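J.: Protein chains in written order, with the numbering used here: chain A, 511 to 835; chain B, -10 to 81. Structure provided below as structure tokens; questions to follow.
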Amino acid sequence: MREIFMPPKDHTNFDAEKTVADLSAWIRKQMHSVLKKRGAVVGISGGIDSSVVAALCARALEPKWVCGLALPERDSSPESLQLAENLAKQLEIDFDVEDISAGLEGMGAYRRRDEAVKRIFPHYHPGDAFKITLQSNPLHGDWLNVFRITMVDDAGREHSERLKLEDYLQIVAASNMKQRLRMTMLYYHAELRNYAVVGTGNKNEHGLGFFVKHGDGGADIKPINHLFKTQVYQLAEALDVPRSIIDRPPTTDTYPGEVTQEEFFFRLPFATMDAIWQEAEQGTAIEKISASLSLEPGTVRRVFDDLRQKQRATEYLRLPPLEFG
Amino acid sequence: MFYRDRVRDYIVENFLFGEGNGFKDGDSLREKGIIDSTGVLELIAFLEKEFEMRIEDEEIIPDNLDSVEYICEFLQRKRLGVQDRKVQFAID
């Protein structure tokens, strides 16, 4: 599974060992000199990004000053919690679990989301598995980005519909409460210990807007915000992140049905996306990229366009609040 | 003109907040940053309701929806029950 995420070697001069050393020093300096905090709280999901960030913090600050917080809710995979716990044990950091299901229930997150799902599938029952995916795939044609919802009924049959605007907005708005409640709980634990909250987003998520503003985007320091997913995998190897985490395909862990990040949003293997994105940043001509990756120039062009449109459409997510003057 | 005015007015009103000066019928809605994935859903909802039609998944492509011109051609093809753009031009 893992090799599909790794970039071709000739597309990057990334030095994982040096990056680990540089980032550890940077985290320590920012925490002590700027934020004036001795410790870090990291939300650990059992995924690769949060595992790498927790491991970096443990190196930068000593394990005793790092708290890994697992924040499961009713739709989370139990495997995620187990992986998070194993990681914390390996890193010898504090580990705490806060199940946010009751909080989400109180906010009406599930009810509001399920109300919209039921409008689409009247036979849907809360607890049935469903997932949201993007329909387009720039490797296979020029499509516009629209989301689909797929539900699995009691008999195991899949039902899929294109999402209507009002249903899409309601499902997303309700589901985003999960990330925002997680952020609230992370800050509770940080303030309880006088620590800082360390964010776990990577460059793909940040640049293309695959995060929730004031949710998982809310943190005091974001050490891997500038790194491609494929580079995060290389850091994971350098930091000895457990193989069970490295080999697991990245999931959203947000909807009751299993959905990978590739299905949900990115629509491309990370190796392909990162290689094209890196070359684009260096101003490499499309023809040259297509030759080196053995892709049609038209395909590379569609990937370029898809990346640019996602960046543009999500620009407001990366902006701080606008102030007059 | 039947399609063009209604489609253009809708886009100017909803995505350009009434500021349609300089917006050309051939402008790419994606290239100009006028619509994103939410905007595509809004546009589809408008077209389906306004022109009482169902837009199929395979029709949600830039060639059909990425400019006022493309949308009008697409609507015309839908009205005539023609799938292929070349056939439509032959009818025109």
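Glycine included, every Cβ here is placed at the ideal spot set by N, Cα and C. Predicted model only: the values in this text are computed from it and were never measured.
(1) Bridge partners of serine 670/A, per DSSP?
(2) What does a CB cutoff of less than 8 Å around arginine 512/A pick up in its chain, not counting 5 residues either side in sequence?
(3) Taking Cβ-Cβ distances shorter than 7 Å, what residues in chain B pair up with tryptophan 653/A?
(4) Suppose the cutoff is 7 Å on Cβ atoms and the five residues either side in sequence are ignored; what does the same chain contact list for proline 517/A look like?
(5) Determine the DSSP secondary structure at alanine 639/A, reduced to helix, strand or coil.
(6) Find the nearest neighbour of proline 632/A within the set Glu615/A, Pro573/A, Asp663/A, Gly709/A, judged by alpha-carbon distance.
(7) What residues in the stretch 4 to 26 of chain B bring their beta carbon closer than 8 Å to a beta carbon of chain A?
(8) Tell me, please, whether the CB atom of arginine 672/A is closer than 8 Å to any CB atom in chain B?
(9) Would valine -4/B count as contacting chain A if we go by Cβ distances under 8 Å?
(10) How would you call histidine 716/A, buried or exposed, if buried means at least 16 neighbouring beta carbons within 10 angstroms?
(11) So, helix, strand or coil for valine 722/A, using DSSP?
(12) Who does leucine 679/A pair with in a DSSP beta bridge?
(13) Using the beta-carbon count (16 or more within 10 Å), is valine 544/A buried or exposed?
(14) Can you find a C-beta in chain A that's less than 8 Å from the C-beta of valine 57/B?
(15) On the criterion of 16 or more Cβ atoms from any shown chain inside 10 Å, does asparagine 53/B qualify as buried, or is it exposed?
(16) Using a Cβ-Cβ distance cut-off of 8 Å, determine whether valine 656/A contacts chain B.
(17) Is there contact here, the stretch 570 to 588 of chain A with the stretch 605 to 614 of chain A, by at least three beta-carbon pairs under 8 Å?
(18) Taking serine 56/B as the reference, which of Asp(-6)/B, Gly7/B, Lys13/B, Phe4/B has the closest Cα?
(19) Provide the residue span of the alpha helix (DSSP H) that contains aspartate 624/A, from first to last.
(20) Straight-line CA distance for leucine 36/B to phenylalanine 657/A?
(21) State the Cα-Cα distance for the pair aspartate 763/A and lysine 641/A, rounded to the nearest angstrom.
(22) Among the candidates Lys546/A, His724/A, Leu691/A, whose CA atom is the shortest distance from the CA of glutamate 830/A?
(23) Would a C-beta distance cut-off of 8 Å place leucine 644/A and arginine 777/A closer than the cut-off?
(24) Taking phenylalanine 4/B as part of the alpha helix (DSSP H), name the residues at either end of that continuous run.
(25) Return the chain-ordered list of same chain residues with a C-beta closer than 7 Å to the C-beta of valine 707/A, the five sequence neighbours on each side being excluded.
(26) Would you mind telling me which residues of chain B sit closer than 7 Å to glutamine 645/A, beta carbon to beta carbon, in chain order?
(27) Do lysine 547/A and asparagine 498/A have their beta-carbon atoms positioned less than 8 Å apart in this structure?
T.: This is what the structure holds:
(1) The count along the first sequence starts at 1 and reaches residue 670/A at position 160. The partner list for serine 670/A (beta bridge, DSSP) reads Thr660/A.
(2) Residue mapping note: residue 512/A aligns to position 2 of the first sequence, counting from 1. Reliability of the predicted coordinates at arginine 512/A is poor, the pLDDT of 37 falling under 50, and the value obtained from them is presented with this limitation in mind. So the qualifying residues of the chain are Tyr743, Ile756, Asp757.
(3) Here residue 653/A refers to the residue found at position 143 when the first sequence is read from its first residue. Simply Ile49, Ile50.
(4) Locating residue 517/A in the first sequence gives position 7, counting from the first residue. Any reading at proline 517/A must be qualified, since the residue scores a pLDDT of 39, below 50, and its modelled position is unreliable; the value itself is stated next. The beta carbon of proline 517/A is closer than 7 Å to those of Thr740, Ala781, Asp784, Ala785 in its chain, skipping five residues each way along the sequence.
(5) Along the first sequence, one-based indexing puts residue 639/A at 129. Strand.
(6) Counted from its first residue, the first sequence places residue 632/A at position 122. Taking only the C-alpha atoms, the option nearest proline 632/A is Asp663/A.
(7) Residues Arg19, Gly22, Asp25, Ser26.
(8) Translated into the one-based positions of the first sequence, residue 672/A becomes position 162. Output row for arginine 672/A: interface = yes.
(9) Here residue -4/B corresponds to residue number 7 of the second sequence, with the count starting at 1. Taking CB atoms only, valine -4/B has no neighbour in chain A less than 8 Å away.
(10) Position 206 of the first sequence, counted from the first residue, corresponds to residue 716/A. By the beta-carbon neighbour count (other beta carbons within 10 angstroms, threshold 16), histidine 716/A is buried.
(11) Position 212 of the first sequence, counted from the start, is the residue given in the question as residue 722/A. Of the three classes helix, strand and coil, the one that applies to valine 722/A here is coil, per DSSP.
(12) Stepping through the first sequence from its first residue, residue 679/A is reached at position 169. Answer by DSSP bridge pairing: none, since leucine 679/A is not bridged.
(13) The sequence position of residue 544/A within the first sequence is 34, counting from 1. Taking every protein chain shown into account, the CB of valine 544/A has fewer than 16 other CB atoms within 10 angstroms, so this residue is exposed.
(14) Within the second sequence, the letter at position 68 stands for residue 57/B. Interface flag for valine 57/B against chain A is unset, since no Cβ pair is found closer than 8 Å.
(15) As a first step, residue 53/B is located in the second sequence; it is residue number 64 there, counting from the start. Classification of asparagine 53/B: buried, given that the 10 Å Cβ count is 16 or more.
(16) The sequence position of residue 656/A within the first sequence is 146, counting from 1. For valine 656/A, the nearest beta carbon of chain B is closer than 8 Å to its own beta carbon.
(17) Yes, since at least three Cβ pairs between the stretch 570 to 588 of chain A and the stretch 605 to 614 of chain A fall closer than 8 Å, the two stretches touch.
(18) Walking along the second sequence from the start, residue 56/B turns up at place 67. For serine 56/B, the closest alpha carbon among the candidates Asp(-6)/B, Gly7/B, Lys13/B, Phe4/B is that of Lys13/B.
(19) Position 114 of the first sequence, counted from the start, is the residue given in the question as residue 624/A. Aspartate 624/A -> alpha helix (DSSP H) spans 619 to 630.
(20) The residue given as residue 36/B occupies position 47 in the second sequence. The residue given as residue 657/A occupies position 147 in the first sequence. If you take the alpha carbons of leucine 36/B and phenylalanine 657/A, they lie about 18 Å apart.
(21) Stepping through the first sequence from its first residue, residue 763/A is reached at position 253. Stepping through the first sequence from its first residue, residue 641/A is reached at position 131. Between aspartate 763/A and lysine 641/A, the alpha-carbon positions lie close to 10 Å from each other.
(22) Here residue 830/A corresponds to residue number 320 of the first sequence, with the count starting at 1. The sequence given here places proline at residue 830/A; glutamate does not occur at that position. Here the closest residue by C-alpha is His724/A.
(23) If you number the first sequence from 1, residue 644/A lands on position 134. If you number the first sequence from 1, residue 777/A lands on position 267. With contacts defined by Cβ atoms closer than 8 Å, leucine 644/A and arginine 777/A form a contacting pair.
(24) The count along the second sequence starts at 1 and reaches residue 4/B at position 15. Residue range -9 to 4 is occupied by the alpha helix (DSSP H) that includes phenylalanine 4/B.
(25) The count along the first sequence starts at 1 and reaches residue 707/A at position 197. Cβ within range, chain order: Val551, Leu696, Tyr697, Ala700, Ala729, Asp730.
(26) Counted from its first residue, the first sequence places residue 645/A at position 135. For glutamine 645/A, the chain B residues whose C-beta falls within less than 7 Å of its own C-beta are Asp46, listed in chain order.
(27) Chain A is shown from 511 up to 835; residue 498/A falls before or after that span and cannot be answered.
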